[in-house]
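To convert, take the position in the sequence shown, counting from 1, and add 166; that gives my numbering. Backbone N, C-alpha and C fix where the C-beta goes; we use that ideal spot for every residue, glycine too. Note that the coordinates shown come from a computational prediction; the quantities given were computed from them, not determined experimentally. Worksheet for the structure shown next.
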Amino acid sequence: MTESTQASLLNSIGDPADLRALSEDQLPRLAEELRDYLLHSVSQSGGHLAAGLGTVELTIALHYVFNTPEDKLVWDVGHQAYPHKILTGRRERMPSIRKKDGLSAFPCREESCYDTFGVGHSSTSISAALGMAIAAGLEQRDVHAVAIIGDGGLTGGMAFEALNHAGALDANLLVVLNDNEMSISPNVGAMNNYLAKLLSGRFYSTIRQGSKELLKNRMPTVWELARRAEEHVKGMVAPGTLFEELGFNYIGPIDGHDLDTLVTTLRNLRNTDGPRFLHVVTKKGKGYLPAEMDPVAYHGVGTFDPSKDHLPKAKPSSPTYTEVFGKWLCDMAEADPRLLGVTPAMREGSGLVEFEQRFPTRYFDVGIAEQHAVTLAAGLACEGYKPVVAIYSTFLQRAYDQLIHDVVLQKLPVLFAIDRAGLVGPDGPTHAGSFDYSYLRCLPDIVIMAPADENECRQMLYTGFLHDGPAAVRYPRGKGPGIAVEEAMTALPVGKAEVLRKGKG
Numbered sequence: 167m168t169e170s171t172q173a174s175l176l177n178s179i180g181d182p183a184d185l186r187a188l189s190e191d192q193l194p195r196l197a198e199e200l201r202d203y204l205l206h207s208v209s210q211s212g213g214h215l216a217a218g219l220g221t222v223e224l225t226i227a228l229h230y231v232f233n234t235p236e237d238k239l240v241w242d243v244g245h246q247a248y249p250h251k252i253l254t255g256r257r258e259r260m261p262s263i264r265k266k267d268g269l270s271a272f273p274c275r276e277e278s279c280y281d282t283f284g285v286g287h288s289s290t291s292i293s294a295a296l297g298m299a300i301a302a303g304l305e306q307r308d309v310h311a312v313a314i315i316g317d318g319g320l321t322g323g324m325a326f327e328a329l330n331h332a333g334a335l336d337a338n339l340l341v342v343l344n345d346n347e348m349s350i351s352p353n354v355g356a357m358n359n360y361l362a363k364l365l366s367g368r369f370y371s372t373i374r375q376g377s378k379e380l381l382k383n384r385m386p387t388v389w390e391l392a393r394r395a396e397e398h399v400k401g402m403v404a405p406g407t408l409f410e411e412l413g414f415n416y417i418g419p420i421d422g423h424d425l426d427t428l429v430t431t432l433r434n435l436r437n438t439d440g441p442r443f444l445h446v447v448t449k450k451g452k453g454y455l456p457a458e459m460d461p462v463a464y465h466g467v468g469t470f471d472p473s474k475d476h477l478p479k480a481k482p483s484s485p486t487y488t489e490v491f492g493k494w495l496c497d498m499a500e501a502d503p504r505l506l507g508v509t510p511a512m513r514e515g516s517g518l519v520e521f522e523q524r525f526p527t528r529y530f531d532v533g534i535a536e537q538h539a540v541t542l543a544a545g546l547a548c549e550g551y552k553p554v555v556a557i558y559s560t561f562l563q564r565a566y567d568q569l570i571h572d573v574v575l576q577k578l579p580v581l582f583a584i585d586r587a588g589l590v591g592p593d594g595p596t597h598a599g600s601f602d603y604s605y606l607r608c609l610p611d612i613v614i615m616a617p618a619d620e621n622e623c624r625q626m627l628y629t630g631f632l633h634d635g636p637a638a639v640r641y642p643r644g645k646g647p648g649i650a651v652e653e654a655m656t657a658l659p660v661g662k663a664e665v666l667r668k669g670k671g
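The structure is reproduced here in structure tokens:
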């Protein structure tokens with residue numbers, strides 16, 4: 167489909183009410199148009215692409231089945247929410263995304279009533295949606311709360327804290343797992359789609375709930391046998407035992423690009439109560455082969471030509487601060503076998519790709535688990551190692567207690583390489599490193615450094631690594647002023663100021 171033929175269906179969607187006026191057999195055509203529009207729009211504006219391409223059908227089905235904005239859709243992180251923005255009255259403004267006075271890169275409450283919760287960080291959606299579900303229950307409002315979370319976001323401990331609480335409350339909450347990694351979902355096909363429709367239906371759910379109440383109270387032994395039998399049937403085709411144990415009715419995995427299955431299953435789940443967990447398998451970059459083949463490269467893109475099968479190569483220039491850090495880390499690892507690299511799921515963004523390739527046994531990606539990353543580093547430091555925690559400024563604040571309690575108060579030699587310090591521009595306020603100076607400088611016994619150029623960055627990293635205590639080097643996104651970086655590493659005097667300019671008098 168070309169720009170000139172883009173058409174009719176997508177152009178007729180001013181808000182989700184227009185979407186719900188369509189017949190179900192029109193939805194695949196709408197998905198094709200939406201995916202095509204998203205590709206061409208992001209290719210001209212830049213932004214997050216692969217995740218959104220993978221959630222086109224899921225987004226359509228959610229807005230088609232649920233009465234948004236009265237029903238609450240809570241997106242986790244927000245990388246995948248571009249189709250949501252397009253369908254909720256912001257299509258004409260998509261060229262302005264990530265620009266001054268333009269659309270936010272992520273869902274934003276101030277931007278639209280359809281953005282029920284502001285996001286940018288990971289693993290928050292289930293907690294927020296649970297709060298909305300509880301509020302609706304207290305006020306006896308017939309409102310559905312739906313959390314949409316990716317398999318990466320589900321690695322965050324906060325997500326499981328919320329699942330545990332929701333199951334204990336028997337809350338009226340639907341959690342949709344958008345699994346685009348295929349890591350825990352080998353069983354996707356006709357049988358699974360059929361079982362999802364069957365097990366999510368009102369008849370089965372009514373029988374299930376009635377039997378549960380009767381047998382659990384009067385015949386607990388029979389109930390336990392029935393519960394185990396149900397888990398066995400589900401477990402033969404679905405990796406859902408964990409979620410069942412947390413109190414959720416697990417459905418899936420189902421094909422996240424099959425609109426018929428999505429709509430039927432979501433409609434069934436909308437008409438049932440209690441904690442429900444729908445496992446949907448999608449393909450990141452769906453519908454655009456280069457993005458399907460390399461979803462990491464097409465996760466966040468600049469402008470590009472979608473007719474070509476590759477992104478434009480960056481012209482050789484001075485290195486970014488991230489690249490300066492990545493090279494220093496490898497050089498330092500060669501010189502000192504005690505160096506270990508720790509990151510919370512930021513391998514590419516923090517410049518650790520080469521380090522992982524060259525030193526795989528000394529590289530620890532803990533997933534989206536900032537608190538664990540910091541305390542893991544503290545434990546390593548206790549045993550004589552020299553851990554370097556590579557983390558964005560905005561994500562370090564998620565581990566503030568661990569920073570204080572587990573590192574600083576024990577004066578452990580952990581080096582924090584803090585990327586994206588200061589303002590970050592297009593990613594907006596959720597990703598700005600605006601607060602690290604404030605929350606670090608009030609702590610005792612930590613050395614904080616901020617380089618003025620690329621060479622200072624290398625030397626400060628070396629200085630922090632040698633320091634016998636906590637140290638942090640904060641550096642901005644992007645390139646420095648173009649100062650040559652010395653190969654030699656020289657420790658700087660800690661606490662000594664540099665006179666940049668003398669005043670008069």
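Taking all protein chains shown into account, decide if A657 is buried (16 or more other Cβ within 10 angstroms of its Cβ) or exposed.
Here residue 657 refers to the residue found at position 491 when the sequence shown is read from its first residue. Burial call: exposed.
Taking the CB atoms as reference points, tell me whether E489 and G517 lie closer together than 8 Å.
Taking the sequence shown and counting its residues from 1, one reaches residue 489 at position 323. Taking the sequence shown and counting its residues from 1, one reaches residue 517 at position 351. Going by C-beta atoms, E489 is nearer than 8 Å to G517.
Going by C-alpha to C-alpha distance, which of F443, P553, Y248 sits closest to D502?
Taking the first residue of the sequence shown as 1, we reach residue 502 at position 336. When the alpha-carbon of D502 is set against those of F443, P553, Y248, the nearest one is in P553.
Tell me, please, which residues DSSP counts as bridged to A598.
Translated into positions along the sequence shown, residue 598 becomes position 432. Beta-bridge pairing links A598 to no other residue.
What first and last residue would you give for the beta strand (DSSP E) that runs through T629?
The count along the sequence shown starts at 1 and reaches residue 629 at position 463. Here T629 belongs to no beta strand (DSSP E); instead the alpha helix (DSSP H) covers 620-632.
Whole alpha helix (DSSP H) runs in the region 171-202 with 4 or more residues, listed along the chain?
174-177, 182-186
If contact is defined by three or more beta carbon pairs under 8 Å, each pair taking one atom from either stretch, is the region 310-328 in contact with the region 277-293?
yes
Going by beta-carbon coordinates alone, are P249 and T234 separated by less than 8 Å?
As a first step, residue 249 is located in the sequence shown; it is residue number 83 there, counting from the start. As a first step, residue 234 is located in the sequence shown; it is residue number 68 there, counting from the start. Not in contact: P249 and T234 (Cβ atoms no closer than 8 Å).
Per-residue burial, R668 [other beta carbons within 10 Å of its own, 16 or more giving buried]
On the sequence shown, residue 668 is found 502 positions in, with the first residue counted as 1. Here residue 668 turns out to be Lys, not Arg, going by the sequence shown. Its Cβ having fewer than 16 others within 10 Å, K668 is exposed.
Starting from I292, follow the beta strand (DSSP E) in both directions and report where the run begins and ends.
For the purposes of this step, residue 292 is identified with residue 126 of the sequence shown, where counting begins at 1. Note, I292: premise wrong, no beta strand (DSSP E); alpha helix (DSSP H) at 291-304.
Would you kindly work out how many angstroms separate the C-alpha atoms of T430 and L228, rounded to a whole number?
If you number the sequence shown from 1, residue 430 lands on position 264. If you number the sequence shown from 1, residue 228 lands on position 62. Approximately 11 Å, taken between the alpha carbons.
Where P553 sits in the DSSP three-state scheme:
Working through the sequence shown from its first residue, we reach residue 553 at position 387. Looking at P553 - three-state DSSP - the assignment turns out to be strand.
Determine the DSSP secondary structure at L251, reduced to helix, strand or coil.
Mapped onto the sequence shown, residue 251 falls at position 85. Looking at the sequence shown, residue 251 is not Leu but Lys. Three-state DSSP puts K251 in a helix.
Please determine if the region 268-277 and the region 234-248 are in contact, where contact requires at least 3 C-beta pairs separated by less than 8 Å.
When Cβ pairs closer than 8 Å are counted between the two stretches, the region 268-277 is seen to touch the region 234-248, the count reaching three or more.
Could you check whether the Cβ of V532 sits closer than 8 Å to any Cβ belonging to chain E?
The structure shown has no chain E; it contains just one protein chain.
In three-state DSSP terms, what is A457?
Position 291 of the sequence shown, counted from the start, is the residue given in the question as residue 457. Three-state result, A457: helix.
Would you list the residues sitting across from A311 in a DSSP beta bridge?
Within the sequence shown, numbered from 1, the residue matching residue 311 stands at position 145. Note: A311 sits in a beta bridge opposite K238, L339.
Taking a contact to mean a Cβ-Cβ separation below 8 Å, would you say G453 touches L219 in this structure?
Position 287 of the sequence shown, counted from the first residue, corresponds to residue 453. Position 53 of the sequence shown, counted from the first residue, corresponds to residue 219. Contact: yes.
Using only the alpha-carbon positions, how far apart do D602 and G212 sit?
Within the sequence shown, residue 602 is the residue found at index 436, counting from 1. Within the sequence shown, residue 212 is the residue found at index 46, counting from 1. For D602 and G212, the distance between alpha carbons rounds to 28 Å.
Cβ-Cβ distance between V574 and L546 below 8 Å
Counting from 1 along the sequence shown, the entry for residue 574 is found at position 408. Counting from 1 along the sequence shown, the entry for residue 546 is found at position 380. In this structure, L546 does not lie closer than 8 Å to V574 by Cβ.
Would you give the residue range spanned by the alpha helix (DSSP H) that A539 belongs to?
The sequence position of residue 539 within the sequence shown is 373, counting from 1. Counting along the chain, the alpha helix (DSSP H) containing A539 begins and ends at 536-548.
Check the C-beta distance from M674 over to P636 and give it rounded, since I have them as a contact under 8 Å.
With the chain represented from 167 up to 671, any question about residue 674 goes unanswered, as that position is not in the structure.
S174 to M498, Cα distance in whole Å?
Residue 174 sits at position 8 when you count from the first residue of the sequence shown. Residue 498 sits at position 332 when you count from the first residue of the sequence shown. C-alpha separation (whole angstroms): 58 Å.
Measuring straight from C-alpha to C-alpha, what distance separates Y163 and R564?
With the chain represented from 167 up to 671, any question about residue 163 goes unanswered, as that position is not in the structure.
Give me the residue from P526, E549, G550, V555 with the minimum Cα distance to A539.
Walking along the sequence shown from the start, residue 539 turns up at place 373. Ranking the options by Cα distance to A539, first place goes to V555.
Contact belief for T560 with D531 at Cβ below 8 Å, rounded distance in angstroms:
By 1-based counting over the sequence shown, the position of residue 560 is 394. By 1-based counting over the sequence shown, the position of residue 531 is 365. That belief does not hold up - the Cβ atoms of T560 and D531 are roughly 18 Å apart, past 8 Å.
Going by alpha carbons, who is nearest to P526 out of E549, D242, E500, E536?
Position 360 of the sequence shown, counting from 1, holds the residue named residue 526. Checking every option, the nearest Cα to that of P526 belongs to E500.
Among residues of its own chain, excluding the 5 on either side of G401, which ones have a beta-carbon nearer than 6 Å to its beta-carbon?
As a first step, residue 401 is located in the sequence shown; it is residue number 235 there, counting from the start. Residue confidence for G401 is low, a pLDDT of 49 falling below 50, so the modelled location carries little weight; the figure read from the coordinates is stated next. The residues are T407.
Nearest-angstrom Cα distance between G661 and Y628?
Position 495 of the sequence shown, counting from 1, holds the residue named residue 661. Position 462 of the sequence shown, counting from 1, holds the residue named residue 628. Going by the C-alpha atoms only, they are around 15 Å apart.
Do I534 and G322 have their C-beta atoms within less than 8 Å of each other?
Residue mapping note: residue 534 aligns to position 368 of the sequence shown, counting from 1. Residue mapping note: residue 322 aligns to position 156 of the sequence shown, counting from 1. Yes.
Where N434 and I263 are concerned, what is the direct C-alpha to C-alpha distance, given to the nearest angstrom?
Residue 434 sits at position 268 when you count from the first residue of the sequence shown. Residue 263 sits at position 97 when you count from the first residue of the sequence shown. Looking at the two C-alpha atoms, the distance is approximately 35 Å.
Considering only residues of the same chain and omitting the five flanking positions on each side of A214, which have a CB-CB separation below 6 Å?
Within the sequence shown, numbered from 1, the residue matching residue 214 stands at position 48. Going by the sequence as given, residue 214 is His instead of Ala. Result list for H214: H245, G466, in chain order.
Answer with buried or exposed for H597, where buried requires no fewer than 16 other C-beta atoms within 10 angstroms of its C-beta.
Here residue 597 is taken as the residue at index 431 of the sequence shown, counted from 1. Answer is buried; the Cβ neighbour count reaches 16.
How would you call T469, buried or exposed, if buried means at least 16 neighbouring beta carbons within 10 angstroms?
Translated into positions along the sequence shown, residue 469 becomes position 303. Result: exposed.
In or out: A638 buried (at least 16 other Cβ within 10 Å) or exposed?
For the purposes of this step, residue 638 is identified with residue 472 of the sequence shown, where counting begins at 1. A638 is buried by the Cβ-count criterion.
Using C-beta distances below 7 Å, list every residue in its chain close to E236, excluding the 5 sequence neighbours before and after it, in chain order.
Taking the first residue of the sequence shown as 1, we reach residue 236 at position 70. Taken in chain order, the residues that qualify are V309.
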